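Colleague: Numbering (the working numbering), first residue to last: 168 to 550.
From the three backbone atoms N, C-alpha and C, an ideal C-beta is built for every residue, glycine too.
Quick caveat: nothing in here was measured; it's all calculated off a predicted structure.
Just dropping this structure here.
Rendered as structure tokens:
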């Protein structure tokens with residue numbers, strides 16, 4: 168097996184496992200809130216705490232990755248994630264649980280973002296293909312995660328066992344990446360080591376549009392798993408059936424991403440089409456009068472979310488190929504900013520599922536508008 172093939176398999180599997188981990192958390196977020204004596208809708212607050220950890224680590228790690236090496240940074244941040252899982256396994260009160268979620272997020276953000284950047288670096292002629300394939304794996308992990316979480320919860324009666332499983336998986340990947348990293352010489356070593364150096368990329372107006380698209384996109388993707396589950400529970404579905412809707416959401420995302428892998432060079436137009444499909448699903452979901460239409464809404468929502476994140480990552484790293492760590496850092500900063508702000512802002516704060524999904528559709532409209540502006544700016548720069 169060639170080194171490139173090994174790296175592609177390793178980091179695609181890493182992103183697959185990360186997809187499983189985050190959706191185990193999304194599936195258990197309402198149970199974790201209830202275990203603290205809070206409302207199930209306070210799941211959004213817990214998601215925001217997790218995202219705040221990712222937001223912090225992305226700022227600290229992205230420029231570091233440009234000169235220290237992405238794989239080394241991934242090993243370090245995954246070690247922090249492991250500590251977070253250990254805390255979540257043993258915690259039974261608010262403060263240690265919050266700290267565990269923060270550490271989980273601190274390790275997750277750079278691991279996902281830099282893992283995607285490694286695949287882009289390893290496959291310069293096929294970056295869109297491999298990032299979409301890896302994030303199809305993320306979707307596969309996201310299908311398995313909720314089912315595994317429900318099974319372990321029903322077997323143990325609490326959320327603690329699921330995080331023990333996550334901790335073991337994190338440790339295995341720390342060892343695998345650490346023992347086989349063999350970092351190649353960096354093609355470009357960043358002269359500045361300040362975490363703030365990545366903000367220099369915002370001097371490019373087109374990159375600002377990409378960053379804002381990622382921010383608003385995460386607003387509606389972030390609320391999908393937990394709040395789709397809550398909507399189905401509200402309409403009388405069982406716990407297992409409601410968790411299955413999370414898996415369906417991610418399953419249709421996989422289909423969207425596999426199609427997206429074949430749309431190299433057509434990313435901006437594709438972003439508009441997919442965001443429109445997602446918005447249709449969001450608008451249908453709270454108003455669907457029966458179960459089949461609610462399921463159809465989940466399919467549209469998931470398919471529409473599909474390749475948006477991988478396509479934005481590819482557009483960003485393609486714009487700054489010699490500073491892919493910083494470009495990826497800004498994409499992850501936008502990702503985690505959206506994940507920090509919107510679950511609370513459009514999920515917990517309104518306290519109304521219908522309003523939550525309507526606001527999510529508005530965010531999809533912002534993505535469409537920004538992709539139009541990005542397209543115009545791209546054409547202007549070619550003149």
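Check each candidate in 459, 241, 206, 198 and name the one with the smallest Cα separation from residue 182.
Modeller: 241
Colleague: Count the CB pairs spanning the stretch 266 to 285 and the stretch 385 to 403 that are closer than 8 Å, and state whether there are at least three.
Modeller: no
Colleague: Pick helix, strand or coil for residue 546, following the three-state DSSP scheme.
Modeller: helix
Colleague: Are the stretch 273 to 287 and the stretch 498 to 506 in contact at 8 Å, needing three or more beta carbon pairs?
Modeller: Judged by Cβ distances under 8 Å, the stretch 273 to 287 makes contact with the stretch 498 to 506, as three or more pairs qualify.
Colleague: Please state if the CB of residue 383 and the CB of residue 471 are separated by a distance shorter than 8 Å.
Modeller: no
Colleague: Report the residue from 191, 491, 291, 185 whose alpha carbon sits nearest the alpha carbon of residue 153.
Modeller: This structure leaves residue 153 out entirely; the chain is present only between 168 and 550.
Colleague: Would the beta-carbon of residue 442 fall within 8 Å of that of residue 298?
Modeller: The beta carbons of residue 442 and residue 298 sit no closer together than 8 Å.
Colleague: When DSSP labels each residue in this structure, what does residue 392 get in the three-state scheme?
Modeller: helix
Colleague: With 16 as the cutoff for other CB atoms within 10 Å, does residue 323 come out buried or exposed?
Modeller: It counts as exposed.
Colleague: For the candidate residues 185, 405, 201, whose alpha-carbon lies nearest to that of residue 305?
Modeller: 185
Colleague: Are residue 157 and residue 210 close, meaning C-beta to C-beta below 8 Å?
Modeller: Outside the shown range of the chain, which is 168 to 550, sits residue 157, and nothing can be said about it.
Colleague: Mind checking which residues open and close the alpha helix (DSSP H) that includes residue 434?
Modeller: 434 to 451
Colleague: Once you ignore the five residues that flank residue 219 on each side, which residues in its own chain have a CB closer than 6 Å to its CB?
Modeller: Excluding the 5 residues flanking it on each side, residue 219 has same chain C-beta neighbours closer than 6 Å at 507, in chain order.
Colleague: If you draw a straight line from the C-alpha of residue 413 to the C-alpha of residue 387, how long is it?
Modeller: 14 Å
Colleague: In chain order, what are the residue ranges of uninterrupted alpha helix (DSSP H) at least 4 long that sit wholly in the stretch 238 to 299?
Modeller: The qualifying runs are 261 to 289.
Colleague: Please look up how many angstroms separate the CB atoms of residue 416 and residue 468, rounded, as I've assumed it's under 8 Å.
Modeller: 6 Å
Colleague: Less than 8 Å between the CB atoms is what I'm expecting for residue 244 and residue 272, so what's the real figure, rounded?
Modeller: About 10 Å; that fails the 8 Å criterion.
Colleague: Tell me the DSSP secondary structure of residue 487 in three-state form.
Modeller: Residue state, collapsed to three classes: coil.
Colleague: Do you know whose CA, among 458, 519, 406, lies nearest residue 313's CA?
Modeller: Among 458, 519, 406, the Cα nearest to that of residue 313 belongs to 406.
Colleague: What beta strand (DSSP E) runs, 3 residues minimum, are completely inside the stretch 301 to 327?
Modeller: none
Colleague: To which residues of the same chain is residue 410 closer than 8 Å at the C-beta, ignoring the five residues directly before and after it?
Modeller: Counting only Cβ-Cβ distances below 8 Å, and skipping sequence neighbours, we find 194, 313, 314, 316, 317, 396.
Colleague: Sort 403, 444, 439, 408 by Cα distance to residue 419 and report the nearest one.
Modeller: 444
Colleague: Evaluate residue 547 with the Cβ neighbour count: other Cβ atoms within 10 Å of its Cβ, from every protein chain shown; 16 or more gives buried, anything less gives exposed.
Modeller: exposed
Colleague: So what does DSSP say about residue 173, is it helix, strand or coil?
Modeller: helix
Colleague: What runs of the alpha helix (DSSP H), each 4 residues or longer, lie entirely inside the stretch 452 to 522?
Modeller: 458 to 472, 475 to 486, 491 to 509
Colleague: Which value, in whole angstroms, describes the spacing of the CA atoms of residue 369 and residue 480?
Modeller: About 15 Å.
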